[in-house]
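Residue numbers (UniProt numbering): 1 to 588.
By construction, the Cβ of each residue, glycine as well, lies at the ideal position given by its N, Cα and C atoms.
Worksheet: one structure, shown below.
Here's what the structure looks like:
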């Protein structure tokens, strides 16, 4: 808006200042000229009265005096002579509204008494008719026996004042017009470089640091433009340096395997990397809270640690267990000189280290446990046959059948170990095909309808298929899905449900197998994809379907060979959810 601009403010300031000065000057000039005109008229009239007084002194003929007075007086005025015999003579001329002065009026207005006291009268008053205001000048006659009065209407002076006022107002109007032109010219000259600097400043805010302000003068504004250009160059240099440092720091933080969170005193997360975000997501899931990308507040569980760091001004080491994973957080204060302005938290996932320690301890025990039972049974039943404990053929056949089943179990265990070893060695060859997802999943889910009905469990498929096909090895993927669905049914009680959620879009195929079963203990979650690992014994298995503890390990390797991801989430007595994600664009 014009009135808010520098040009408008400067022009209005100059205009108001000049207008105020002209206003005061006009009032003073009008007053001055009014007094000047009155004093000038009074002086002229007094001079006329003096001339008439001289005539009275030099001549005795009243007719001559009257004739001469008519000649020497101002045409706009009248002269009244009061002789010693109280005879009043009044000249002609002047305004037609002027009344003739009479002795009675002069006495009534006490002009004669005032004349005797002051020897001179200068007054403005109404004439005998009471309608005309006039200016009267009077002096005594030379013999002091009479008086000479000269008077004229104030309309003559008012006309002169009006003409003078017109001239003054015309001059003031011209002065204001010239002032407006000068004000806009001056303000434009002054503000034009400032406007260019403002535009250059806006360019700087948009990151255009090469913008330069032209230096048109060598005064203070020119020096300001020179300083502005230097500031732009320095700003560009420092911002580039800061950008490089920020990019370097961001690259370092992003490439770290440990999670990093930078916090201010209010608990707002300023900088986070991907491992830290995964940690926060797990913390939200554990507390049944939705994850929002706009929520940058530190979870309440970690605020107490932040308060300890800020109040104690010391680093705090804290261990947190989430979804079966073990996290160690080291939070250190950040200083602004001597003031703690926040903290930085480094979060390390110690699950793998502890898992490896546990695997190293449990691997031999697990293998021994899996092999001990069939070997013991083979040994025991074979000794029974050798020692002829089984007397009849039927008994021998029964013992032989048991030995055969246990040998098959050992063979199955060895085959699964060999398959797993080939997968981990990268020797597995996938037969990838273009598969229609919805019929494929319906066929697999239908296989378990009888088993689910037998266990009084509801099984269903819910899909959101945008892209109809996906590329994967159908046999291997069927092996994975059968294993997961079978586990879900076996560990779900009667009246429970197993749901297969599937979605397929342009980026990935996602399959989730969710049950309402007994759940997996939190301590077992990190290890369920390991070989021979079996979860808590409270997850009682059907004795007719004894597992080897290798199914999930094989499933994970199959998904890894498809360059996909398999994850698990579980809560005791609430259920378990396995999620498979297969990207359509796979790495080499």
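- Query: Considering only residues of the same chain and omitting the five flanking positions on each side of residue 53, which have a CB-CB separation below 7 Å?
  - Reply: Counting from one through the chain shown, the residue named residue 53 turns up at place 53. Around residue 53: 139, 141, 142, 148.
Pull the bridge partners of residue 512 from the DSSP assignment, please. Position 512 of the chain shown, counted from the first residue, corresponds to residue 512. Note: residue 512 sits in a beta bridge opposite 501, 579.
Could you check if residue 324 is buried or exposed, using at least 16 other CB atoms within 10 Å of its CB as the buried criterion?
Translated into positions along the chain shown, residue 324 becomes position 324. Looking at its Cβ environment, which holds 16 or more other Cβ atoms inside 10 Å, residue 324 is buried.
Check: Taking buried to mean at least 16 other C-beta atoms within 10 Å of its own C-beta, is residue 31 buried or exposed?
Finding: Position 31 of the chain shown, counted from the start, is the residue given in the question as residue 31. Answer is exposed; the Cβ neighbour count stays below 16.
Local conformation of residue 26 per DSSP, three classes
Translated into the one-based positions of the chain shown, residue 26 becomes position 26. In the structure shown, residue 26 sits in a helix (DSSP, three-state: H, G or I).
Taking 8 Å as the cut-off, decide whether the C-beta atoms of residue 156 and residue 49 are in contact. Translated into positions along the chain shown, residue 156 becomes position 156. Translated into positions along the chain shown, residue 49 becomes position 49. Cβ distance not < 8 Å, so residue 156 and residue 49 don't count as in contact.
Hey, how far is the Cα of residue 276 from the Cα of residue 342? Position 276 of the chain shown, counted from the first residue, corresponds to residue 276. Position 342 of the chain shown, counted from the first residue, corresponds to residue 342. Going by the C-alpha atoms only, they are around 17 Å apart.
| message | For residue 72, report the span of its alpha helix (DSSP H) as first-last. | response | As a working mapping, residue 72 is identified with position 72 in the chain shown. From DSSP, the alpha helix (DSSP H) with residue 72 extends over 62 to 72.
message = Does residue 169 pass the burial test, meaning 16 or more other C-beta atoms within 10 Å, or should it be called exposed?
response = By 1-based counting over the chain shown, the position of residue 169 is 169. Residue 169 is exposed by the Cβ-count criterion.
Using only the alpha-carbon positions, how far apart do residue 63 and residue 71 sit? Residue 63 sits at position 63 when you count from the first residue of the chain shown. Residue 71 sits at position 71 when you count from the first residue of the chain shown. Cα to Cα, residue 63 sits roughly 13 Å from residue 71.
_Measuring only the C-alpha atoms, how far is residue 388 from residue 405?_
Working through the chain shown from its first residue, we reach residue 388 at position 388. Working through the chain shown from its first residue, we reach residue 405 at position 405. Approximately 21 Å, taken between the alpha carbons.
Based on the DSSP output, what are the partners of residue 345 in its beta bridges?
Locating residue 345 in the chain shown gives position 345, counting from the first residue. Residue 345 is bridged to 261, 331.
message = Using C-beta distances below 7 Å, list every residue in its chain close to residue 573, excluding the 5 sequence neighbours before and after it, in chain order.
response = Within the chain shown, the letter at position 573 stands for residue 573. Around residue 573: 518, 519.
ask   = In terms of alpha-carbon separation, which member of 326, 191, 205, 252 lies closest to residue 224?
value = In the chain shown, the residue the question calls residue 224 occupies position 224. When each option's Cα is compared against that of residue 224, the closest is 191.
Identified DSSP bridge partners for residue 140
By 1-based counting over the chain shown, the position of residue 140 is 140. DSSP, once it has assigned bridges, lists 147 as partnering residue 140.
Please classify residue 37: does DSSP put it in a helix, a strand, or coil? Reading the chain shown from its first residue, position 37 is the one you call residue 37. Helix, per DSSP.
Tell me where the alpha helix (DSSP H) around residue 85 begins and ends.
For the purposes of this step, residue 85 is identified with residue 85 of the chain shown, where counting begins at 1. No alpha helix (DSSP H) holds residue 85; DSSP gives it neither H nor E.
- With 16 other CB atoms within 10 Å as the buried threshold, where does residue 272 fall? Reading the chain shown from its first residue, position 272 is the one you call residue 272. Buried is the call here.
### Query
Which one of 311, 258, 524, 266 has the shortest CA to CA distance from residue 297?
Taking the first residue of the chain shown as position 1, residue 297 is located at position 297. Looking at the Cα atoms, 266 is the closest of the given residues.
Report task. Could you tell me whether the Cβ atoms of residue 495 and residue 456 are closer together than 8 Å? Result -> Residue 495 sits at position 495 when you count from the first residue of the chain shown. Residue 456 sits at position 456 when you count from the first residue of the chain shown. Cβ distance < 8 Å, so residue 495 and residue 456 count as in contact.
Item checked: Completely contained beta strand (DSSP E) runs for the stretch 456 to 486, where each covers 3 or more residues -> 458 to 465, 469 to 472
Self-check item: Reduced DSSP secondary structure (H/G/I, E/B, other) of residue 545
Solution: By 1-based counting over the chain shown, the position of residue 545 is 545. With a pLDDT of only 44 at residue 545, under 50, the local geometry of the prediction cannot be trusted, and no value is derived from it.
Q. According to DSSP, is residue 339 helix, strand or coil?
A. For the purposes of this step, residue 339 is taken as residue 339 along the chain shown, with counting starting at 1. Three-state DSSP puts residue 339 in a strand.
DSSP three-state call for residue 572: helix, strand or coil? As a first step, residue 572 is located in the chain shown; it is residue number 572 there, counting from the start. Of the three classes helix, strand and coil, the one that applies to residue 572 here is coil, per DSSP.
Report task. Could you tell me whether the stretch 500 to 509 touches the stretch 567 to 585, using the rule of 3 or more Cβ pairs below 8 Å? Result -> yes
field: Spatial neighbours of residue 199 in its chain, beta-carbon cut-off 6 Å, leaving aside the 5 residues before and after
entry: Numbered from 1 along the chain shown, position 199 holds the residue referred to as residue 199. No residues qualify anywhere along the chain.
- Query: Thinking C-beta only, is residue 386 closer than 8 Å to residue 441?
  - Reply: One-based indexing of the chain shown puts residue 441 at position 441. One-based indexing of the chain shown puts residue 386 at position 386. No, the pair does not count as a contact, with Cβ atoms beyond the cut-off.
task = Report the residue from 285, 330, 26, 528 whose alpha carbon sits nearest the alpha carbon of residue 344.
result = As a working mapping, residue 344 is identified with position 344 in the chain shown. With distances taken between Cα atoms, residue 344 lies closest to 330.
Less than 8 Å between the beta carbons of residue 285 and residue 569, yes or no? One-based indexing of the chain shown puts residue 285 at position 285. One-based indexing of the chain shown puts residue 569 at position 569. Yes. Within cutoff.
Margin query: For residue 269, count the other beta carbons within 10 Å of its own beta carbon; 16 or more makes it buried, fewer makes it exposed. Which is it?
Written below: Translated into positions along the chain shown, residue 269 becomes position 269. With 16 or more Cβ atoms within 10 Å of its Cβ, residue 269 is classed as buried.
- Message: By alpha-carbon positions, which one of 207, 212, 259, 253 ends up nearest to residue 240?
- Response: Along the chain shown, one-based indexing puts residue 240 at 240. Comparing Cα positions, the closest option is 207.
| How do the stretch 551 to 562 and the stretch 477 to 494 stand: do at least 3 beta-carbon pairs fall below 8 Å, yes or no? | yes
Next on the checklist: Below 7 Å, is the gap between the Cβ of residue 78 and the nearest heavy atom of the ligand MG?
Outcome noted: Absent from the structure shown: the ligand MG. Ligands present: none.
Contacts around residue 565, its chain only, beta-carbon distance under 6 Å, and the 5 residues preceding and following it disregarded:
As a first step, residue 565 must be located in the chain shown, where it is residue number 565. Taken in chain order, the residues that qualify are 581.
Notebook entry, point to check: How many angstroms separate the CA atom of residue 19 from the CA atom of residue 176?
Noted result: If you number the chain shown from 1, residue 19 lands on position 19. If you number the chain shown from 1, residue 176 lands on position 176. Using only the alpha carbons, I get a separation of about 7 Å.
Requested in this report: Could you name the residues that DSSP lists as bridge partners for residue 157?
Outcome: For this step, residue 157 is matched to residue 157 along the chain shown. Answer is none; residue 157 lacks a bridge partner.
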